[in-house]
Amino acid sequence: MKKFDEQRAFDLLGKIGFTRIAGSPEELKVAEMLKAECESFGLQAEIEPFEIESAVVEAQLEVLEPYQKTYTVRGYQCSESTPPEGLTAEFAYVENALPANLTDVRGKIVLGNGFLRVPQFRSVMKAGAAGIITIDGSLRDKLEETDLHQRKLRAALRAFGNVPVVMIRTADAMEIVAKGAKKVKITLKNENVKLTSHNVIAEIKGTEHPEEIISFGAHYDSVEFSKGVYDNGAGSVINMEAARWFMAHPPKRTVKFCWYGSEEIGLEGSKAFVRDHKDELKDHLFMINVDVGGPVLGYDNVAVTAGEELLHYVDYLLKIKGLAAATRQGIYSSDSIPFADSGVPAINFSRDGAQGASFIHNRFDTMAFLSAEALGKTAEIVLEFADTVINAAVFPIERKIPENIREDVDKYLYKKELAEAKEKAE
Ligand SMILES: [Zn+2]
């Protein structure tokens, strides 16, 4: 018997499939829609607010020598403002910021490939760059389809310093390098603001072990320009089907459903949940996360952020039920990270698109490459797994994070680098 209705899930996906960035009125609107959906089948839900840092940024980039041209850029939120007249400096292209790229960049404005990660940013700061340009999009994008996304210089990066940072289209970046830019000017004005984002939380009390909690997680926010159906309206509606199932079939253990806001700007919703539910967290035995789903051409994946025993169990269960998914033990870049960091093991389900047959974090993430049937493939895997563990006679998953996973979580959160930066600052 099927434990879900993929067409119903797909219809809901279409309804919430509009851009809903962290802290926006649209994000809140979808939170209210998810709450209303829960309540339509008798499940009470709460909307829990939390604060996020954001900023209003105006930015411009000019090449002054050996040619003159003004380029369209986006300024990074929370990056340093320039003086009103701008910051003029020599230009250097630093590729991937390897040591040999950074021998002579002190006081210069540097262009790097892609957007910044902690190790690169730290190196560029150490080398004394005065400003940073990053790139967005692809050379194949048509001008009118190249969306420069709003990004934020996250606190984890700012721990290593702060300079004006802007993002430019890939085609423009190539032109600047090819034409041999020597002197450039960045003008950036950043105004920090606080916004409110929201998690939607619902709970079904366990019939036999109400004190034991298993939570379902899926983020429902999207990035700018993206309708966010593949990432991650899909996970949101799959978990809604799970909520309907457990409402109709009361579970032995307490099941919590969490739809997280602001995942895309650094897992802010799940971090807020873990922080605001600290006392309750000791009762959370396990977390089930669903992030990306629905592509017609694709394949299912399971990442087990727990002991190896669970990996084997999942593998056997999939084979016994005839369900196809690749399995691995490891972390997954999503809302399961704050749980693992707090000692709660997790499992991550996703259906990833085949090469060239899916799009993420841009205007091409639309319903066009998704189907109800494909959504159902992941829903079936999630529910077959969840039903067995949540209703187990004895809960079989140890509440423990293995050493190798702990190391990966710490690496992912740049714990070592941040501790070093903090030590230096003191
Ligand atoms: Zn996602």
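Going by full-length UniProt numbering, the letters in the sequence shown line up with residues 1 to 426, in that order. Just so you know, even glycine gets a beta-carbon here, dropped at the ideal spot from N, CA and C. From a predicted model like this one, the values you see are computed outputs, not experimental measurements.
- Message: Below 8 Å on the Cβ atoms is my contact criterion, and I expect S226 with T19 to pass it. Report the Cβ-Cβ distance as a whole number of Å.
- Response: 6 Å
- Query: Near ligand 1, which residues have their beta-carbon less than 7 Å from any of its heavy atoms, given in chain order?
  - Reply: H219, D231, N232, E263, E264, D291, V292, S334
- Go to E380, then tell me how far its alpha helix (DSSP H) extends in each direction, as first and last residue. 372-390
- Length of the line joining the Cα atoms of Y230 and D136: 20 Å
- Which of the three DSSP states, helix, strand or coil, is assigned to V274? helix
- One or two residues paired with P295 in a DSSP bridge: L370
- Let me know the beta strand (DSSP E) ranges lying completely inside the segment 116-182, each 3 residues or longer, listed in chain order. 131-136, 165-169
- Query: Quick one: Cα of residue 507 to Cα of P84, how far?
  - Reply: Absent from the model: residue 507. The displayed extent of the chain is 1 to 426, so no value can be given.
- Task: Count the CB pairs spanning the segment 104-117 and the segment 38-46 that are closer than 8 Å, and state whether there are at least three.
- Result: no
- Message: Excluding the 5 residues flanking A59 on each side, which residues of the same chain have their C-beta closer than 6 Å to its C-beta?
- Response: V73, G75, V166, L188
- At least 3 beta-carbon pairs within less than 8 Å: the segment 278-286 vs the segment 241-249: no
- Task: Identify which residue in T82, V30, A357, E175 has its Cα closest to the Cα of L68.
- Result: Here residue 68 turns out to be Gln, not Leu, going by the sequence shown. The option with the nearest alpha carbon to Q68 is E175.
- Task: Compute the beta-carbon to beta-carbon distance between R169 and T146, rounded to the nearest angstrom, for a pair I have assumed lies under 8 Å.
- Result: 5 Å
- Item | Cβ contact check for the segment 298-316 and the segment 390-400: 3 or more pairs under 8 Å | yes
- Could you round the C-beta distance between R154 and G266 to whole angstroms and report it? I think they count as a contact, below 8 Å. 5 Å
- Task: Evaluate contact between the segment 358-376 and the segment 246-257, counting only Cβ atoms and requiring at least three cross-stretch pairs below 8 Å.
- Result: no
- Message: Please identify the residue among F121, G86, A393 whose C-alpha is closest to the C-alpha of I132.
- Response: F121
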